[in-house]
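Undergrad: Okay, handing you the structure first.
4 protein chains.
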Amino acid sequence: MLEKLKQKVYEANMLLPKHGLVTFTWGNVSERDTETGYFVIKPSGVDYDKLQPADMVVMDLAGNKIEGSMNPSSDTATHVELYKAFPEIMGIVHTHSSWATSWAQAGRSIPCYGTTHADYIYGEIPCVRCLTKEEIDTAYEKNTGLVIADYFKDKDVTAVPAVLCKNHGVFTWGTSAENAVHNAVVAEEVAKMAARCEMINPQVQPAPQELQDKHYFRKHGKDAYYGQ
Amino acid sequence: MLEKLKQKVYEANMLLPKHGLVTFTWGNVSERDTETGYFVIKPSGVDYDKLQPADMVVMDLAGNKIEGSMNPSSDTATHVELYKAFPEIMGIVHTHSSWATSWAQAGRSIPCYGTTHADYIYGEIPCVRCLTKEEIDTAYEKNTGLVIADYFKDKDVTAVPAVLCKNHGVFTWGTSAENAVHNAVVAEEVAKMAARCEMINPQVQPAPQELQDKHYFRKHGKDAYYGQ
Amino acid sequence: MLEKLKQKVYEANMLLPKHGLVTFTWGNVSERDTETGYFVIKPSGVDYDKLQPADMVVMDLAGNKIEGSMNPSSDTATHVELYKAFPEIMGIVHTHSSWATSWAQAGRSIPCYGTTHADYIYGEIPCVRCLTKEEIDTAYEKNTGLVIADYFKDKDVTAVPAVLCKNHGVFTWGTSAENAVHNAVVAEEVAKMAARCEMINPQVQPAPQELQDKHYFRKHGKDAYYGQ
Amino acid sequence: MLEKLKQKVYEANMLLPKHGLVTFTWGNVSERDTETGYFVIKPSGVDYDKLQPADMVVMDLAGNKIEGSMNPSSDTATHVELYKAFPEIMGIVHTHSSWATSWAQAGRSIPCYGTTHADYIYGEIPCVRCLTKEEIDTAYEKNTGLVIADYFKDKDVTAVPAVLCKNHGVFTWGTSAENAVHNAVVAEEVAKMAARCEMINPQVQPAPQELQDKHYFRKHGKDAYYGQ
């Protein structure tokens, strides 16, 4: 079932090594199917150069495996919670990409220092809190999703399609698996430039709000005029 | 029309990913035609691996599209102002290349710390001011060009073929599209080495003026002796 | 003899340049044969692009060459001591990979700042002391192994499969040559992110112990559930 | 004439882009011929992807062009002075490789922080002084060579085959053009790790002298035992 979507999710997963976002198997991509409500995700711990479209696993939003001969990604429960909480999220990416993860390990949100960031993300990329010992010990991956969902519950999740999980890595999302990968590339590039920017000027301040508004809204919303 | 120039501008645009200066569509190159006064520029938001010479857009200096089935780069109005203000500029590049943009985000001009810089650029690479809210809200891209043009109005724009726009990215120019790309590569390399140089020695001073003069003038002007 | 193991050790050695862990000949990989107790190691100072499976050298644990037309790696005596001290070590890697070596030169252990580290290594990657002048002058490579073995003598060497040698480089080990290379890639990536993490937040603290436990034990031991 | 040597020098020049040491034409390699005393060097300002063995220029130690249709590298006069001062130097490389040049711009010698450095270079990589205004204005490239030669006049130039020229770049040398390129790769790698090492531990001290001695002399001199 969902063979076309498996192909799409496979291709989106293969973009992670292409863009240098993953080492070994440290990443996973999923996309939701609008009709069935299921989502398709990468299997757990399979090398990218051995991955096949048919290996993709079909899951429902209760966390049940619907189809697939392999175990789904160990982060599947996090994907479930994000899909459940935010109907507008259609694709999700998780990576340990190097610069974004360095910010996550540092426990800091990434300020918006420029228009590269503002072109895609409205305001800082937040770093959400570490889970408590109890949250970790009971249902770690599910609670990771709940902590993210709690942070965004009164915010526009489409305007900030990326989040850092403290001491862990980065999750991004979008209108499809491919779009979520696009945002993962943006998050990594923005994380790199923000770190270097602070090295060059330790007193740097975020970009003026009017500049952030201009760049975000020239690409998003009803008055957008970027692209074709 | 201008099919040869479209080919040249296409090739110059394709040098950006080759030299690692762009992620996705974050860059654009144009070149001016001496005869017609028009310039040819990359279309807006088109992936580099789908770009074709025929996609290039022909514009006049009033900002009118003369030929092309696509929208021109969203930064076209900035190119227009630079071509209008400086007849000696024949090609222009805009990128968000990582190190140069980190300096732009930091709001700092790049000092001339060595001969790699002095071989191509006479003095620091300036970081021009952010636009005011009014400048942003009225005609952002055009005003970006005007702020750059104002900075260089009493300076030799050929001796400093690069500028940082605060919180944004870098513009470079030259005697052709290809030469402007060359200067974009130089600006990125110089930005990288200047940041690392300050990390290695926080008290570093710019290179002595006589050394800057020597390197710049052995490659430029009537007494140049570098090359064939 | 041991032609299959030579092939495996050859392939594991070739993974070092593939993963960007070595410059020139600055690295070596070995694997132990369970039956004979011998181990197979790369020859000394041979370029990776000229290396052949047949060049691999067979050694015993007394440091005698059993087979091979070339000299074994100059670090062979270190491998010998590690194999002798820890029967659970089946493969060993030594490199001067850039980030791990920068920590070794800095004389600092790498704190566990996140789950990328905790997924593979339980607690910090230790930096063991420099050898004394006497240890260096008498049997340098052997004493390097003895200093490492002494550090791990009352610890679980499989839970911390990497060590930094002060002012030198990194050794990693595992259940095979290939697995040891895997850990060498992890050590380099973790070293890179830890350095950047401290740059982004100089006051950063190690990841909470419960998070380290969670990630380590979801991949290791009887309750592991990661992978297939 | 010297067709074989031209081929060797051509190949050594082509190693510079292969090892990521040059951008555009920012580098040059030469080798001396033992029989004639001439040396062969890259032409000035020629792109690496257009370079041909036949383009190499033959020079004598008085700085006269003996053969070649192109101008020799603009740094030829520096090569001349080094060959004249040090008969043991048979090949020379000049680059603006990124990390080594960052140290040169910072005006700092590179301390020996570890065995990667000590394996090839005995003690720090010195950063020699800037030229005076008079030295720059009269015979800049020749005086660059004289300043280096003066620094090494009472030292063993084979034990320290690399030097930084303040605010400029790096020169390395060796027993052949290829060996000099080898040392240029080492200098760049060592420069990178030393900078990162100081970032990780700002109070870091050079490696103990006995460790430097051990690594240098296990690869050099009559008691060397590294390699085949």
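Top line first, the protein sequences correspond to chains U, H, X and B. Per our numbering, the first sequence starts with residue 66, numbered consecutively. Per our numbering, the second sequence starts with residue 66, numbered consecutively. Per our numbering, the third sequence starts with residue 66, numbered consecutively. Per our numbering, the fourth sequence starts with residue 66, numbered consecutively. Where a beta carbon is used, it is the ideal one built from N, C-alpha and C, also for glycine.
One question on the structure: do K107 (chain U) and N129 (chain U) come within less than 8 Å of each other, judged by their Cβ atoms?
TA: Not closer than 8 Å, so no.
Undergrad: Determine, using beta-carbon pairs with one atom in the segment 245 to 252 of chain U and one in the segment 158 to 170 of chain U, whether at least three such pairs fall under 8 Å.
TA: Yes, the segment 245 to 252 of chain U touches the segment 158 to 170 of chain U.
Undergrad: According to a CB-to-CB cut-off of less than 7 Å, which residues of the segment 181 to 199 of chain X neighbour chain U?
TA: Flagged, chain order: T181.
Undergrad: Would you grab the beta carbon distance between E146 (chain H) and L211 (chain H) for me? Rounded to a whole angstrom, and I think it's under 8 Å.
TA: Confirmed, about 6 Å.
Undergrad: Should A256 (chain X) go down as buried or exposed, given a rule of 16 or more other Cβ atoms within 10 Å for buried?
TA: Flag for A256 (chain X) reads buried.
Undergrad: Beta carbons nearer than 7 Å to chain U: which residues of the segment 254 to 281 of chain X have them?
TA: Those would be E254, K257, M258, R261, C262, M264, I265, N266, V269, A272, P273, E275, L276, K279, in chain order.
Undergrad: On the DSSP letters alone, give me the boundaries of the beta strand (DSSP E) that V111 (chain B) sits inside.
TA: First-last for V111 (chain B): undefined, no H or E at that position.
Undergrad: With a CB to CB cut of under 7 Å and the five nearest residues on each side skipped, what residues in its chain are close to A252 (chain X)?
TA: So the list reads A165, I190, A227, V235, T237, once near-sequence residues are dropped.
Undergrad: What in chain H is Cβ-close to D202 (chain B), meaning under 8 Å?
TA: Residues of chain H passing the Cβ test: E275, K279.
Undergrad: Report yes if the C-beta distance between Y103 (chain H) and V74 (chain H) is below 8 Å; otherwise report no.
TA: Result no, Cβ atoms of Y103 (chain H) and V74 (chain H) do not sit closer than 8 Å.
Undergrad: For Y205 (chain U), decide whether its Cβ has a neighbour in chain X, counting only Cβ atoms nearer than 8 Å.
TA: With 8 Å as the cut-off, Y205 (chain U) counts as an interface residue toward chain X.
Undergrad: Pick out whichever of X:L70, X:P82, X:A77, X:E153 has its Cα sitting closest to the Cα of G239 (chain X).
TA: When each option's Cα is compared against that of G239 (chain X), the closest is X:E153.
Undergrad: Could you tell me whether the segment 192 to 201 of chain B touches the segment 271 to 282 of chain H, where touching means 3 or more Cβ pairs closer than 8 Å?
TA: Segments in contact, yes.
Undergrad: Which residues bound the beta strand (DSSP E) around I265 (chain H)?
TA: Segment 242 to 265 is the alpha helix (DSSP H) holding I265 (chain H); no beta strand (DSSP E) there.
Undergrad: Taking all protein chains shown into account, do 16 or more other C-beta atoms lie within 10 angstroms of the C-beta of M258 (chain B), making it buried, or fewer, making it exposed?
TA: Looking at its Cβ environment, which holds 16 or more other Cβ atoms inside 10 Å, M258 (chain B) is buried.
Undergrad: Can a CB atom of chain B be found closer than 8 Å to the CB of V250 (chain H)?
TA: Closer than 8 Å: yes.
Undergrad: Can you name the start and end residues of the alpha helix (DSSP H) that I168 (chain X) belongs to?
TA: The question names Ile, but residue 168 (chain X) in the sequence shown is Trp. Where W168 (chain X) is concerned, the enclosing alpha helix (DSSP H) stretches over 163 to 171.
Undergrad: Roughly how many angstroms separate the alpha carbons of D215 (chain B) and P137 (chain H), rounded to a whole number?
TA: Whole-angstrom Cα-Cα distance: 58 Å.
Undergrad: Excluding the five sequence neighbours on either side, which residues of its own chain have a C-beta within less than 8 Å of the C-beta of V87 (chain H), listed in chain order?
TA: Same-chain partners within the cutoff: L81, Y113, T160, H161, S162.
Undergrad: Within the same chain, show all residues whose beta-carbon is closer than 7 Å to that of P271 (chain X), passing over the 5 residues directly before and after it, in chain order.
TA: P176, C177, Y178.
Undergrad: Spell out whether any CB of chain X is found under 8 Å from the CB atom of H159 (chain U).
TA: Chain X, which has no Cβ nearer than 8 Å to the Cβ of H159 (chain U), makes this no.
Undergrad: My parser needs the beta strand (DSSP E) runs of 3 or more residues fully inside the segment 90 to 149 of chain X; what are they?
TA: You should have 92 to 97, 104 to 106, 122 to 124, 130 to 132.
Undergrad: Is there at least one Cβ from chain U nearer than 8 Å to G128 (chain H)'s Cβ?
TA: It does not; no Cβ of chain U falls within 8 Å.
Undergrad: Thinking C-beta only, is M79 (chain H) closer than 8 Å to V105 (chain H)?
TA: Their beta carbons are not under 8 Å apart, which means V105 (chain H) does not touch M79 (chain H) by this criterion.
Undergrad: With a 10 Å radius around its C-beta and 16 neighbouring C-beta atoms as the bar for buried, classify Q117 (chain H) as buried or exposed.
TA: Classification for Q117 (chain H): exposed.
Undergrad: Restricting to Cα atoms, I'd like to know which of U:K69, U:F282, U:T209 is closest to Y185 (chain U).
TA: Answer by Cα proximity: U:F282.
Undergrad: Return helix, strand or coil for G239 (chain B), following the three-state DSSP convention.
TA: In the structure shown, G239 (chain B) sits in a strand (DSSP, three-state: E or B).
Undergrad: For N208 (chain B), return the contacting residues in chain C, with the cut-off set at a CB-CB distance below 9 Å.
TA: Looking for chain C here will not work: the only protein chains present are U, H, X and B.
Undergrad: Can you list, in chain order, the residues of its chain with a C-beta nearer than 7 Å to that of L70 (chain B)? Leave out the 5 residues immediately preceding and following it.
TA: Here the set comprises E96, D98, V105.
Undergrad: Does the Cβ of Q268 (chain U) have 16 or more other Cβ atoms within 10 Å, making it buried, or fewer, making it exposed?
TA: Exposed, since its Cβ has fewer than 16 Cβ neighbours within 10 Å.
Undergrad: So, is A289 (chain U) buried or exposed, given that buried needs 16 or more other C-beta atoms within 10 angstroms?
TA: So A289 (chain U) ends up on the exposed side.
Undergrad: How about G286 (chain H): is its C-beta nearer than 8 Å to some C-beta of chain B?
TA: No, G286 (chain H) lies away from the interface with chain B (no Cβ there is under 8 Å from its Cβ).
Undergrad: In angstroms, rounded to a whole number, what distance separates the CA positions of C262 (chain X) and V222 (chain U)?
TA: Using only the alpha carbons, I get a separation of about 26 Å.
Undergrad: Shortest alpha-carbon distance to L67 (chain B) belongs to which of B:K115, B:T90, B:H84, B:I131?
TA: Checking every option, the nearest Cα to that of L67 (chain B) belongs to B:I131.
Undergrad: Under 7 Å between beta-carbons, which chain U residues line up against G179 (chain X)? List them in chain order, please.
TA: Result: T166, A169, Q170, N232, H233.
Undergrad: Could you please give the first and the last residue of the uninterrupted alpha helix (DSSP H) stretch that includes I201 (chain X)?
TA: Where I201 (chain X) is concerned, the enclosing alpha helix (DSSP H) stretches over 198 to 217.
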